[in-house]
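Chemist:
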Amino acid sequence: MALKSIKTEIVETLEDLSKENVERFREQLIDRREEPRVRRSKVEGKTRAGIANVLVSTFTDEGALRVTLEILRKIYCYQEAKELELRTRTRVNKGDPIFRRTSDGHLDLSPSQEALNVQRNPPNICDFERLNENTSPEKVEAMARASAIAKGLDPYDHRVVLSQTVIIYGAYKSRTIKWLLENDLKYVVKTVSYLLMEKEDLLKDQTSLMANKDALAQYAMAYPEVAELIRLYRQKIKQENRPSHTGNHRLHLQYIQQETNEKGL
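Residues in the sequence shown are numbered from 1 upward in steps of one, following full-length UniProt numbering.
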């Protein structure tokens with residue numbers, strides 16, 4: 001049986017929504033602040049198929065899918081988002097991670113059981129004796145392209161290559177960046193936050209290790225939800241390290257700490 005197009009999958013998902021949820025979906029689409037914007041006149045009075053046409057013509061297939069999933073989660077249609085994501089995964093495999101989520105739809109930052117197992121039982125060093133913090137970026141990239149080819153992915157797609165890039169340091173050495181975002185998001189947020197602060201302060205020269213962390217940062221920051229967590233965590237670190245302890249500073253720090261605690265950071 002032939003695979004359905006992304007647009008058809010979106011239409012069928014919208015068809016499964018109640019009339020009320022379709023209206024909520026329409027309003028969320030109009031209210032998006034990111035470019036390109038969708039004007040009310042484009043979707044007002046449109047059928048579900050008409051809304052899907054606007055999505056694909058505005059954002060292309062891949063972008064339409066991303067926006068649809070984003071809005072479905074915003075209107076609490078988590079099951080519909082999950083099913084659409086699973087149905088379309090193989091057609092838009094650009095190296096994107098499948099994020100774990102809590103029951104209320106938020107990103108799950110806790111390490112997965114697989115991540116905990118890796119922490120407790122790191123890979124045999126003999127298997128990766130040539131992979132270390134001094135492994136050149138060129139060699140790491142070549143390994144990523146080879147991995148992409150082996151998995152039937154596009155070795156010339158930059159995001160795919162980033163997704164297959166292996167970590168060359170720490171407890172998750174030899175695991176791919178994509179695997180890391182899927183299995184220990186809190187580790188990613190903290191690692192990228194400290195990296196960006198080091199680069200701001202020009203504390204370190206570019207090394208193979210820094211290049212590896214840069215790849216992780218570039219991959220992770222492409223996802224708005226993850227980028228927002230990184231922004232909050234960096235803000236928390238900066239507030240905690242500020243020498244001033246005025247009343248306003250303490251109130252702001254308390255607010256940031258509460259916000260990051262609520263998100264599991």
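A virtual CB, placed ideally from N, CA and C, is assigned to each residue, including glycine. Values in this document were obtained by computation on a predicted structure and should not be read as measured data.
Which word fits Ile6, buried or exposed, when buried means at least 16 other C-beta atoms lie within 10 angstroms of its C-beta?
Modeler: If you number the sequence shown from 1, residue 6 lands on position 6. Flag for Ile6 reads buried.
Chemist: What does the Cβ neighbour count give for Gly45, buried or exposed, with the cut at 16 atoms within 10 Å?
Modeler: Position 45 of the sequence shown, counted from the first residue, corresponds to residue 45. The residue is exposed, with fewer than 16 neighbouring Cβ atoms inside 10 Å.
Chemist: Let me check one thing: in DSSP terms, what residues is Thr176 bridge-paired to?
Modeler: Translated into the one-based positions of the sequence shown, residue 176 becomes position 176. Answer by DSSP bridge pairing, in chain order: Val166.
Chemist: Based on DSSP bridge pairs, tell me the residues matched to Arg101.
Modeler: Counted from its first residue, the sequence shown places residue 101 at position 101. Arg101 is bridged to Leu107.
Chemist: Within its chain, find whatever has a CB closer than 7 Å to the CB of Ala49; leave out the 5 residues flanking it on each side and keep chain order.
Modeler: Reading the sequence shown from its first residue, position 49 is the one you call residue 49. The residues are Val11.
Chemist: With DSSP collapsed to three states, give me the class of Arg37.
Modeler: Here the question's residue 37 lines up with position 37 in the sequence shown. The answer is coil: DSSP assigns Arg37 none of H, G, I, E or B.
Chemist: Rounded C-beta distance between Ala100 and Glu182? I'm assuming under 8 Å.
Modeler: Here the question's residue 100 lines up with position 100 in the sequence shown. Here the question's residue 182 lines up with position 182 in the sequence shown. According to the sequence displayed, residue 100 carries Arg and not Ala. About 7 Å separates the two Cβ atoms, so the contact holds.
Chemist: Kindly indicate which residue of Pro155, Arg89, Thr207 has the alpha-carbon position closest to the one of Ala144.
Modeler: As a first step, residue 144 must be located in the sequence shown, where it is residue number 144. Ala144 has its Cα closest to that of Pro155, out of Pro155, Arg89, Thr207.
Chemist: Within this structure, are the beta carbons of Thr135 and Tyr219 separated by less than 9 Å?
Modeler: By one-based count along the sequence shown, residue 135 stands at place 135. By one-based count along the sequence shown, residue 219 stands at place 219. Cβ atoms of Thr135 and Tyr219: not closer than 9 Å.
Chemist: Helix, strand or coil for Asp184? Go by DSSP, reduced to three states.
Modeler: To locate residue 184, count along the sequence shown from 1; it is residue 184. Coil at Asp184, not helix or strand.
Chemist: Between Val118 and the rest of its own chain, which residues show a CB-CB distance below 6 Å, the 5 nearest in sequence each way excluded?
Modeler: Position 118 of the sequence shown, counted from the first residue, corresponds to residue 118. Closer than 6 Å at Cβ, skipping near neighbours: no residue.
Chemist: Arg159 to Ala215, Cα distance in whole Å?
Modeler: Reading the sequence shown from its first residue, position 159 is the one you call residue 159. Reading the sequence shown from its first residue, position 215 is the one you call residue 215. Roughly 10 Å separates the two Cα atoms.
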